[in-house]
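Visitor: Residue numbering for the sequence shown is 81 to 291, as defined by the numbering used here. We put the CB at the ideal spot given by N, CA and C, even for glycine. Everything numeric in this text was worked out from a predicted model, so none of it was measured. Below is a structure I'd like to ask you about.
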Amino acid sequence: APPSKGITGLLGPNGTGKSTALRILAGVEIPNLGDYTKRPEWEAVVEHYRGTTLHAHFQKIARGELRTVVKPQYVDRIAEDPMTAEAYVAAGGGEAAPALDSVGLSARAERPLSELSGGELQLAAIARTLATEADLYLFDEPSGYLDIVHRLQIARTLRRLGERKSVLVIEHDLALLDYLADQAHLLYGESSAFGVITRAMPMRTAINTYL
81 APPSKGITGL LGPNGTGKST ALRILAGVEI PNLGDYTKRP EWEAVVEHYR
131 GTTLHAHFQK IARGELRTVV KPQYVDRIAE DPMTAEAYVA AGGGEAAPAL
181 DSVGLSARAE RPLSELSGGE LQLAAIARTL ATEADLYLFD EPSGYLDIVH
231 RLQIARTLRR LGERKSVLVI EHDLALLDYL ADQAHLLYGE SSAFGVITRA
281 MPMRTAINTY L
């Protein structure tokens, strides 16, 4: 289960379930536990994981006691929204200005989302996630579309967030993930078929094992 604060990475090949695991931990998707005959319910998930570290996590989700926020993965879809970058970020429920400043997008705050580049849309998505008050923050490939300068800026911003909140990150840039995360779970298996998740291990150990 994600710790109460700090940054945890999910590292593995494409198609092994990283994004699915992230959505489950966020409470966005309910695992069916291998039973395709009925609609999955959180009560069954909580009971299934009784006695494990995930039990309390899923119990909080089932009770609505864990606030989570997931950064949109497909940021190009954000451009379809008619709002400005500032309005989009503010729609997350928090203050837009500090969030936009933390990702370096203040100068584009009044621009419509449709006028932003792919990298700027990524920054807007990250800013909105940061502006949302939550207990667990989940970022699926936050460095996509970003140049090295903005990647480092986002990494520093997420590091500061991890000092007081729990953060879960999927990231294929190994150098960035090494700098960013405190620990990581490895995923392995058959692409688009199944994936197995290891216990958390120190970041450097995870990367060396992955390579």
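Excluding the 5 residues flanking Leu-203 on each side, which residues of the same chain have their C-beta closer than 6 Å to its C-beta?
Guide: Numbered from its first residue, the sequence shown carries residue 203 at position 123. So the qualifying residues of the chain are Val-183, Leu-185.
Visitor: Count the other CB atoms within 10 Å of the CB of Leu-113; is the residue buried (16 or more) or exposed (fewer)?
Guide: Residue 113 sits at position 33 when you count from the first residue of the sequence shown. When all chains shown are included, Leu-113 counts as exposed.
Visitor: Sort out for me which residues DSSP pairs Leu-266 with in a bridge.
Guide: The count along the sequence shown starts at 1 and reaches residue 266 at position 186. Answer is Leu-91.
Visitor: Glu-160: buried (16+ other C-beta within 10 angstroms of its C-beta) or exposed?
Guide: Position 80 of the sequence shown, counted from the first residue, corresponds to residue 160. By the neighbour-count rule (16 or more Cβ atoms within 10 Å), Glu-160 is not buried but exposed.
Visitor: Since Gly-294 and Leu-266 are thought to touch, with beta carbons under 8 Å apart, how far apart are those beta carbons, to the nearest angstrom?
Guide: This structure leaves residue 294 out entirely; the chain is present only between 81 and 291.
Visitor: Do you know how far the Cα of Arg-130 is from the Cα of Ala-167?
Guide: The residue labelled residue 167 in the question sits at position 87 within the sequence shown. The residue labelled residue 130 in the question sits at position 50 within the sequence shown. Rounded to whole angstroms, Ala-167 to Arg-130 spans 42 Å at the Cα level.
Visitor: Assign Asp-156 to one of three DSSP states: helix, strand, or coil.
Guide: Your numbering for residue 156 matches position 76 in the sequence shown. It is helical.
Visitor: Assign Thr-117 to one of three DSSP states: helix, strand, or coil.
Guide: For this step, residue 117 is matched to residue 37 along the sequence shown. The answer is coil: DSSP assigns Thr-117 none of H, G, I, E or B.
Visitor: Does Ile-250 pass the burial test, meaning 16 or more other C-beta atoms within 10 Å, or should it be called exposed?
Guide: Looking up residue 250 in the sequence shown gives position 170. Buried.
Visitor: Considering Leu-254, what are the terminal residues of the alpha helix (DSSP H) in which it resides?
Guide: Counting from one through the sequence shown, the residue named residue 254 turns up at place 174. Note, Leu-254: alpha helix (DSSP H), 254-260.
Visitor: On the DSSP bridge list, what partners appear for Met-281?
Guide: As a first step, residue 281 must be located in the sequence shown, where it is residue number 201. Answer is Ala-264.
Visitor: Three or more C-beta pairs under 8 Å: does that hold for the stretch 277-285 against the stretch 250-265?
Guide: Yes, they touch.
Visitor: Starting from the N-terminal side, write out each stretch of the beta strand (DSSP E) that is 3 residues or longer and does not extend beyond the stretch 126-180.
Guide: Taking only runs of at least 3 residues, the beta strand (DSSP E) segments lying wholly in the stretch 126-180 are 148-150.
Visitor: Taking only heavy atoms of the ligand NAP into account, decide whether any of them is closer than 7 Å to the Cβ of Pro-152.
Guide: With respect to small molecules bound, the structure shown includes none, and the ligand NAP cannot be examined in it.
Visitor: Grouping DSSP H, G and I as helix and E and B as strand, with all else coil, what is Leu-196?
Guide: Numbered from 1 along the sequence shown, position 116 holds the residue referred to as residue 196. In this structure, Leu-196 counts as coil in the three-state DSSP scheme.
Visitor: Is the beta carbon of Thr-148 sitting closer than 8 Å to the one on Leu-216?
Guide: Working through the sequence shown from its first residue, we reach residue 148 at position 68. Working through the sequence shown from its first residue, we reach residue 216 at position 136. In this structure, Leu-216 lies closer than 8 Å to Thr-148 by Cβ.
Visitor: At the level of alpha carbons, what is the spacing between Phe-138 and Leu-248?
Guide: The sequence position of residue 138 within the sequence shown is 58, counting from 1. The sequence position of residue 248 within the sequence shown is 168, counting from 1. So the alpha carbons of these two residues sit roughly 16 Å apart.
Visitor: How far does the beta strand (DSSP E) with Leu-248 in it extend, from its first residue to its last?
Guide: Your numbering for residue 248 matches position 168 in the sequence shown. Where Leu-248 is concerned, the enclosing beta strand (DSSP E) stretches over 246-250.
Visitor: Just curious, the alpha helix (DSSP H) that Leu-232 is in, first and last residue?
Guide: Against the sequence shown, residue 232 aligns to sequence position 152. Here the alpha helix (DSSP H) through Leu-232 covers 228-242.
Visitor: May I have the straight-line CA-CA distance separating Leu-196 from Ser-99, to the nearest angstrom?
Guide: In the sequence shown, residue 196 corresponds to position 116, counting from 1. In the sequence shown, residue 99 corresponds to position 19, counting from 1. The straight-line gap from Cα to Cα measures roughly 25 Å.
Visitor: Confirm, please, whether the CB-CB distance from Ser-194 to Lys-85 is below 8 Å.
Guide: Counted from its first residue, the sequence shown places residue 85 at position 5. Counted from its first residue, the sequence shown places residue 194 at position 114. Not in contact: Lys-85 and Ser-194 (Cβ atoms no closer than 8 Å).
Visitor: Can you give me the Cβ contacts of Ala-177 inside the same chain, cut-off strictly under 6 Å, excluding the 5 residues immediately before and after it?
Guide: On the sequence shown, position 97 is the one that residue 177 refers to. Within the same chain, Ala-177 has no close Cβ partners at all.
Visitor: Are there 16 or more other CB atoms within 10 angstroms of the CB of Leu-291, so buried, or fewer, so exposed?
Guide: Taking the first residue of the sequence shown as position 1, residue 291 is located at position 211. Exposed, because fewer than 16 other Cβ atoms sit within 10 Å of the Cβ of Leu-291.
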